[in-house]
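Here is the structure we will look at, set down as structure tokens.
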Amino acid sequence: MTDAQKSEHIRSVVLQAGEDLRARHPWLRHQDAIGATIMAVSLLGMVASGWLYVEGLIAWWVCVPVTAIFASFIHELEHDLIHQMYFRSQPWANNLMLALGWMARASTVNPFVRRKLHLHHHKVSGTESDLEERGITNGTPWGLRRLLMTGDNMLSVFLRPNEMRRATAKYIQSQKPANRQEALKMAAEQ
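Take -19 as the starting number for the sequence shown in my numbering and just add one per residue.
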């Protein structure tokens, strides 16, 4: 079995498991509403915890982890939105949720750019052209430098300019741009 056949087999098994799960649990057929509710509750939770802190009703050490938990829900939703798991037949709603998630976590990578990177990551995980993995420091030896980079995506780029330039070039090369202009556009997105 080739790697492509293995990937297709895994994909079909996972998709079938999802269908089987939905058949056993009919409430999961409301996946779009569930995702939208999680997004709304998370956004409200982030705003509410910030407001409670500003009003002096909770301490910073309560506000920060509570907000982080709500932000982590939004991060997971973003991942699933990138994979078109919510509002597949309504792209405007999917894009709206991606935009809201990005506004809630503004220091993260633009999810509309990340979509292409992330789907590429699933095709080539761990290879030189896996820019997403390189960006989050996978493949970098552990130490103080990696610890600092793990907490800040931009620092990850600034502390490894040559490595990130090479990874970006490999990623662009793997996308087989039609011409130099298309390659330059891809470089600007990264």
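Even glycine gets a Cβ: it sits at the ideal position worked out from N, Cα and C.
Heavy atom of the ligand SAH within 6 angstroms of residue i beta-carbon
i, result
"Gly106", "As presented, the structure is devoid of all ligands, the ligand SAH included, so that no description of it is given."
Check whether residue i and residue j have beta carbons under 7 angstroms apart
i, j, result
"Ile54", "Gly15", "no"
"Arg174", "Ala51", "No answer is possible for residue 174: it lies beyond the span of the chain, which begins at -19 and ends at 170."
"Ala147", "Arg126", "no"
"Asp172", "Phe92", "Residue 172 lies beyond the range of the chain shown here (-19 to 170); nothing can be said about it."
"Met(-19)", "Met19", "no"
"His101", "Glu108", "no"
"Leu135", "Leu128", "yes"
"Thr117", "Thr130", "yes"
Span separating the alpha-carbon of residue i from that of residue j
i, j, result
"Arg94", "Val27", "25 angstroms"
"Cys43", "Leu32", "8 angstroms"
"Gln252", "Leu24", "No statement about residue 252 is possible, as the shown extent of the chain runs from -19 to 170 and does not include it."
"Trp72", "Gln64", "12 angstroms"
"Arg160", "Ala39", "53 angstroms"
"Pro157", "Val(-7)", "32 angstroms"
"Gly36", "Val46", "15 angstroms"
"Trp41", "Val34", "13 angstroms"
"Ser(-13)", "Val137", "31 angstroms"
Rounded distance between the beta-carbons of residue j and residue i, thought under 8 angstroms
i, j, result
"Gln155", "Met166", "6 angstroms"
"His98", "Ile152", "The Cβ separation is near 16 angstroms, so there is no contact."
"Arg2", "Arg9", "6 angstroms"
Cut-off 8 angstroms between Cβ atoms - residues of its own chain near residue i, not counting five sequence neighbours on either side
i, result
"Ser22", "Phe50, Ala51, Phe53, Ile54, Leu57, Ala84"
Spatial neighbours of residue i in its chain, beta-carbon cut-off 7 angstroms, leaving aside the 5 residues before and after
i, result
"Arg140", "none"
Checklist entry - Considering only residues of the segment 13 to 65, which uninterrupted alpha helix (DSSP H) runs meet the minimum length of 4 residues and lie entirely inside it, listed in chain order? => result 40 to 62
Runs of alpha helix (DSSP H) wholly within the segment 89 to 157 (minimum 4 residues, chain order):
91 to 104, 111 to 115, 124 to 130, 133 to 138, 141 to 154
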